[in-house]
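Chains A and B are the protein sequences, given in the same order.
Residue 183 in our numbering sits at position 183 of the first sequence, with consecutive numbering throughout.
Quick note: to get our numbering, add 257 to the position in the second sequence (first position is 1).
C-beta: ideal position from N, C-alpha, C; glycine also.
Since the structure is predicted, the reported quantities are computational estimates derived from the model, not experimental observations.
Note sheet for the following structure.
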Amino acid sequence: MSALAQVGYVARRSVLRTARQPANIIFPFVFPTALLAVTSAGLSPATKIPGFPSDSFLAFFLAFPFIQGALFATMNAGTDLARDIQSGFLNRLALTPLRGGALIVGQLGGIAVLAFIQNCYYLAVGLIVGVRLESGIVGGIVLIILATGVAIAFGALGAFFALRTGSGEAVQGLFPLLFVGLFLSSMNLPRNLIEADWFRTVATFNPISYLIEGLRSLIITGWDWEALGLAFGFAGLLAAAAMVLANWALQLRLTRT
Amino acid sequence: MAQAHGIEAEGLVRTFKGGIRAVDGIDLRVEPGEIYGFLGPNGAGKSTTVHMLTTLLPPTSGTARVAGFDIVKEGPKVRTAIGAALQEAALDSLLTGREHLNLQCALHGIPRSERRARSQELLERVGLTLAADRKVGGYSGGMKRRLDLALALAHRPTILFLDEPTTGLDVQSRSALWGEVARLAREDGVTVFLTTQYLEEADALADRVGIIDHGHIVAEGTPAQLKAQIGRPTVEATPADGATPEAIARILERFGEPTGGSAKGVAVRLEHGVSDLAGIVRALDSEGIKLENLALHAPSLDDVFLAKTGRSLEGAEEEEAEVEA
Chain A
1 MSALAQVGYV
11 ARRSVLRTAR
21 QPANIIFPFV
31 FPTALLAVTS
41 AGLSPATKIP
51 GFPSDSFLAF
61 FLAFPFIQGA
71 LFATMNAGTD
81 LARDIQSGFL
91 NRLALTPLRG
101 GALIVGQLGG
111 IAVLAFIQNC
121 YYLAVGLIVG
131 VRLESGIVGG
141 IVLIILATGV
151 AIAFGALGAF
161 FALRTGSGEA
171 VQGLFPLLFV
181 GLFLSSMNLP
191 RNLIEADWFR
201 TVATFNPISY
211 LIEGLRSLII
221 TGWDWEALGL
231 AFGFAGLLAA
241 AAMVLANWAL
251 QLRLTRT
Chain B
258 MAQAHGIEAE
268 GLVRTFKGGI
278 RAVDGIDLRV
288 EPGEIYGFLG
298 PNGAGKSTTV
308 HMLTTLLPPT
318 SGTARVAGFD
328 IVKEGPKVRT
338 AIGAALQEAA
348 LDSLLTGREH
358 LNLQCALHGI
368 PRSERRARSQ
378 ELLERVGLTL
388 AADRKVGGYS
398 GGMKRRLDLA
408 LALAHRPTIL
418 FLDEPTTGLD
428 VQSRSALWGE
438 VARLAREDGV
448 TVFLTTQYLE
458 EADALADRVG
468 IIDHGHIVAE
478 GTPAQLKAQI
488 GRPTVEATPA
498 DGATPEAIAR
508 ILERFGEPTG
518 GSAKGVAVRL
528 EHGVSDLAGI
538 VRALDSEGIK
548 LENLALHAPS
558 LDDVFLAKTG
568 RSLEGAEEEE
578 AEVEA
């Protein structure tokens with residue numbers, strides 16, 4: 001049986017599992033859009049700061065839900081795998097001819113499907129409330145591809161943590177940490193407008209800033225190849241590193257001969 | 258499903274962190290089509306042995322061949338030949354029974370055209386047709402165990418590993434599972450390696466039994482052979498009001514050596530077997546001793562365990578629990 005077919009079977013199960021856990025669906029849809037509404041209402045005067053790149057804070061902030069949605073992917077992918085480890089289901093899978101890599105990719109396949117739907121929803125919400133995509137329809141497609149890629153990268157990170165710790169609680173503990181990482185980025189302001197030096201430095205070294213800026217560029221700038229290159233580059237690097245780590249952790253976890 | 262190879266292990270050892278030797282040099286041989294009962298208390302090394310034989314855990318030393326394949330060098334071939342239902346019924350509470358079977362069949366490479374029929378056949382076999390499309394989260398313990406067994410059989414394995422398959426089940430579910438396991442071996446020729454901590458399970462199901470304690474096999478043979486090693490039956494007399502245990506003991510000792518009985522009773526292992534019973538009754542009657550109860554005990558596997566380890570299986574359970582705590 002081909003690895004691709006195995007990925008398909010595992011991904012189908014992952015999608016079914018996600019669809020049958022309302023909390024896994026509701027939170028990624030509700031929270032990011034609620035925060036989008038609250039934050040853009042509260043921080044809209046920021047657009048009057050000289051040099052602010054957009055006259056709509058809503059448009060500026062629309063990149064946020066895509067990243068927060070990706071963080072939910074971390075948690076979902078991780079807790080699902082941790083549950084499989086704790087229940088012994090991973091051992092059941094290990095007794096089949098399933099390849100280790102197919103297990104991880106399949107698990108992420110389910111996450112990718114959910115992330116894709118989430119991202120279409122966030123974009124639709126933005127367009128409904130009046131945000132205009134400077135990069136046009138093609139930019140919208142690229143935006144969804146990039147955001148889904150980011151979700152896969154974060155999902156792989158969640159899978160790595162689950163495989164290393166074998167604990168759903170440990171994976172959930174990672175979520176606040178990543179959320180802090182999100183706040184210490186250029187989420188609320190462009191980096192050049194952050195006045196506190198330490199914050200600007202942290203945001204500059206924080207890869208999440210580049211993911212957000214890439215997504216944001218498609219919404220408020222148009223085609224900014226540098227921002228897009230950095231965003232795709234960091235997403236790809238993060239995904240590759242997390243996949244390698246997850247695969248390594250799986251080898252340690254699965255001691256089958 | 259007849260097969261040429263069963264299970265062979267030589268000097269199988271598994272050491273964990275801290276130097277704990279969970280399995281300490283096991284040699285065993287299970288013939289094709291045989292039901293082999295692996296009996297022992299919690300923590301004796303049963304599950305670790307199963308994990309090694311099913312290729313989920315590499316041995317620290319020693320060798321084993323399952324279905325003719327080396328468990329270390331030919332893991333994937335071993336996995337193709339075996340089915341396993343491990344200690345906890347490892348199921349996904351969000352999937353239905355049928356979805357579990359479809360996934361299992363798919364991952365084992367059963368063609369799409371056969372999957373549905375195979376799943377249905379297995380659901381019927383384990384009596385889960387009506388619950389097939391319900392999520393497993395709502396299944397009872399017995400239903401989960403039956404589904405677990407069906408999943409282990411999905412790819413028609415020639416060797417089946419069942420790790421404490423009836424632990425926690427009610428009598429009815431246990432009996433149904435015993436029936437199915439026996440049928441698999443007798444009718445389909447499947448070799449069954451069954452771990453259990455229930456004496457009656459090993460006694461009722463197994464063609465041969467291996468008793469494991471502290472990682473060692475301390476006795477092996479058919480249940481009848483093992484009991485015969487202990488030899489003669491015991492008789493236990495419980496005095497009625499007014500009779501003294503000492504008086505009873507004096508009479509019983511003429512028929513055999515004293516052995517452990519209940520708190521109220523006096524027990525001896527009969528020197529000449531069951532034929533001594535009539536003499537005991539006559540002797541007690543002639544002395545005018547009244548009894549509340551007189552019981553003849555055939556040797557049990559617990560007696561074997563006691564003879565081989567110095568502890569009863571129940572006592573060993575408690576001891577292991579204390580060690581784990």
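Amino acids of chain A, ordered along the chain, whose beta-carbon sits closer than 8 Å to that of residue i
{"i": "Glu345(B)", "result": "Ser87 and Gly88"}
Within chain B, partners of residue i - CB distance below 7 Å
{"i": "Tyr9(A)", "result": "Leu360, Ala363 and Leu364"}
{"i": "Thr257(A)", "result": "Thr312, Pro315, Ile328, Val329 and Gly332"}
Within-8 Å CB hit, residue i to chain B
{"i": "Thr165(A)", "result": "no"}
{"i": "Arg17(A)", "result": "yes"}
{"i": "Leu95(A)", "result": "yes"}
{"i": "Gln107(A)", "result": "no"}
{"i": "Thr204(A)", "result": "no"}
{"i": "Arg253(A)", "result": "no"}
{"i": "Met75(A)", "result": "no"}
{"i": "Arg13(A)", "result": "yes"}
{"i": "Gln68(A)", "result": "no"}
Interface flag, residue i vs chain A, CB-CB below 8 Å
{"i": "Ala439(B)", "result": "no"}
{"i": "Asp390(B)", "result": "no"}
{"i": "Arg336(B)", "result": "yes"}
{"i": "Ile277(B)", "result": "no"}
{"i": "Pro422(B)", "result": "no"}
{"i": "Val329(B)", "result": "yes"}
{"i": "Leu352(B)", "result": "yes"}
{"i": "Leu558(B)", "result": "no"}
{"i": "Val580(B)", "result": "With a pLDDT of only 45 at Val580(B), under 50, the local geometry of the prediction cannot be trusted, and no value is derived from it."}
CB contact flag (residue i, residue j, <8 Å)
{"i": "Val171(A)", "j": "Met243(A)", "result": "no"}
{"i": "Thr353(B)", "j": "Val393(B)", "result": "yes"}
{"i": "Gly110(A)", "j": "Ala240(A)", "result": "no"}
{"i": "Leu174(A)", "j": "Asn206(A)", "result": "no"}
{"i": "Thr452(B)", "j": "Glu493(B)", "result": "no"}
{"i": "Ala347(B)", "j": "Ser14(A)", "result": "no"}
{"i": "Ala459(B)", "j": "Leu558(B)", "result": "yes"}
{"i": "Lys565(B)", "j": "Val466(B)", "result": "no"}
{"i": "Leu98(A)", "j": "Gln6(A)", "result": "yes"}
{"i": "Ala196(A)", "j": "Glu213(A)", "result": "no"}
{"i": "Met309(B)", "j": "Ile328(B)", "result": "yes"}
{"i": "Gly513(B)", "j": "Leu527(B)", "result": "yes"}
{"i": "Ile219(A)", "j": "Glu134(A)", "result": "yes"}
{"i": "Ala102(A)", "j": "Ala3(A)", "result": "yes"}
{"i": "Gly166(A)", "j": "Ala77(A)", "result": "no"}
Cross-chain neighbours of residue i in chain B, by beta carbon under 8 Å
{"i": "Asn91(A)", "result": "Leu313, Leu343 and Ala347"}
Within chain A, partners of residue i - CB distance below 7 Å
{"i": "Gly399(B)", "result": "Ordered by position in chain A, no residue passes the 7 Å Cβ test against Gly399(B), which lies about 18 Å from the chain."}
Chain B residues whose Cβ lies nearer than 9 Å to that of residue i
{"i": "Leu98(A)", "result": "Leu364"}
{"i": "Met1(A)", "result": "Ala363, Leu364, His365 and Gly366"}
{"i": "Gln21(A)", "result": "Leu351"}
{"i": "Gln172(A)", "result": "Ordered by position in chain B, no residue passes the 9 Å Cβ test against Gln172(A), which lies about 18 Å from the chain."}
{"i": "Gln6(A)", "result": "Ala363 and Leu364"}
Rounded distance between the beta-carbons of residue j and residue i, thought under 8 Å
{"i": "Asp211(B)", "j": "Ile292(B)", "result": "Nothing can be reported for residue 211(B), as the shown portion of chain B is limited to 258 through 582."}
{"i": "Gly332(B)", "j": "Thr312(B)", "result": "4 Å"}
{"i": "Cys362(B)", "j": "Ala409(B)", "result": "Incorrect: roughly 12 Å between the Cβ atoms, too far for contact."}
{"i": "Gly276(B)", "j": "Ile469(B)", "result": "Not a contact, Cβ separation roughly 19 Å."}
{"i": "Leu93(A)", "j": "Phe64(A)", "result": "No, Leu93(A) and Phe64(A) are not in contact; Cβ-Cβ is about 36 Å, not under 8 Å."}
{"i": "Leu157(A)", "j": "Ala249(A)", "result": "Between Ala249(A) and Leu157(A) the Cβ distance is about 11 Å, and since that is not below 8 Å, they are no contact."}
{"i": "Glu549(B)", "j": "Ala481(B)", "result": "That belief does not hold up - the Cβ atoms of Glu549(B) and Ala481(B) are roughly 32 Å apart, past 8 Å."}
{"i": "Gly68(A)", "j": "Phe29(A)", "result": "The residue you asked about is not Gly; residue 68(A) is Gln in the sequence shown. Incorrect: roughly 11 Å between the Cβ atoms, too far for contact."}
{"i": "Leu95(A)", "j": "Ala341(B)", "result": "6 Å"}
{"i": "Thr495(B)", "j": "Gly522(B)", "result": "4 Å"}
Residue-level contact to chain D via CB, residue i, 8 Å cutoff
{"i": "Ser397(B)", "result": "Looking for chain D here will not work: the only protein chains present are A and B."}
*Would you list, in sequence order, the uninterrupted beta strand (DSSP E) runs of no fewer than 3 residues that lie entirely inside the stretch 111-162 of chain A?*
none
*asked:* Runs of 3 residues minimum, wholly inside the stretch 429-508 of chain B: which ones carry the beta strand (DSSP E) assignment?
replied: 448-453, 465-470, 473-478 and 491-496
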